[in-house]
Amino acid sequence: MERQNQRDETYTLGLWTVKPGKENEFVDQWTAFAKWTSKNFSEAKKAYLLQDEKNSLRFISFGPWTNENAIEKWRDSTEFKDFVVTVKELCNDFQPNTLKPVSSSK
């Protein structure tokens, strides 16, 4: 990845701590919302949800976007706000982040 391309891309990152017994419901809700996002925001390139192998309550979501303005529009959408309300009932903690790459191995 060249440095110019790195600066053009922005990533969203979510850190999630799910309530015990709510893991499957959380994954289902996240997956449905990720599909909605892909359908309605072409700037969202791809989305990933990872689960910690040693702590099954810990999840990390991330994905590249073409620009930060699209992320702001997405987070301001009614659907995003409704999603956050829904999953906060399934989680003890949620930390949304926006990041820019500064380096990569390729």
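Read in order, the letters of the sequence shown correspond to residues 34 to 139 in our numbering.
Backbone N, C-alpha and C fix where the C-beta goes; we use that ideal spot for every residue, glycine too.
Pro-129 and Gly-47 do touch by the CB rule: their CB atoms are close to 5 Å apart, below 8 Å. In this structure, Leu-123 is the residue among Phe-74, Leu-123, Tyr-44 with its C-alpha nearest to the C-alpha of Phe-92. Under the three-state reduction of DSSP output, Asn-125 falls in the strand class. In the structure shown, Val-120 falls within a helical segment according to DSSP collapsed to helix, strand and coil. Uninterrupted beta strand (DSSP E) stretches at least 3 residues long and entirely within the segment 62-97 occur at 81-84, given in chain order.
For Glu-101 against Thr-70, the beta-carbon gap comes to about 15 Å, at or over 8 Å, which does not count as contact.
In the structure shown, Thr-111 falls within a helical segment according to DSSP collapsed to helix, strand and coil. Residue burial annotation: Ala-65 is exposed, with fewer than 16 other C-beta atoms found within 10 angstroms of its C-beta. At a Cβ-Cβ threshold of 7 Å, Glu-76 and Thr-43 do not count as neighbours.
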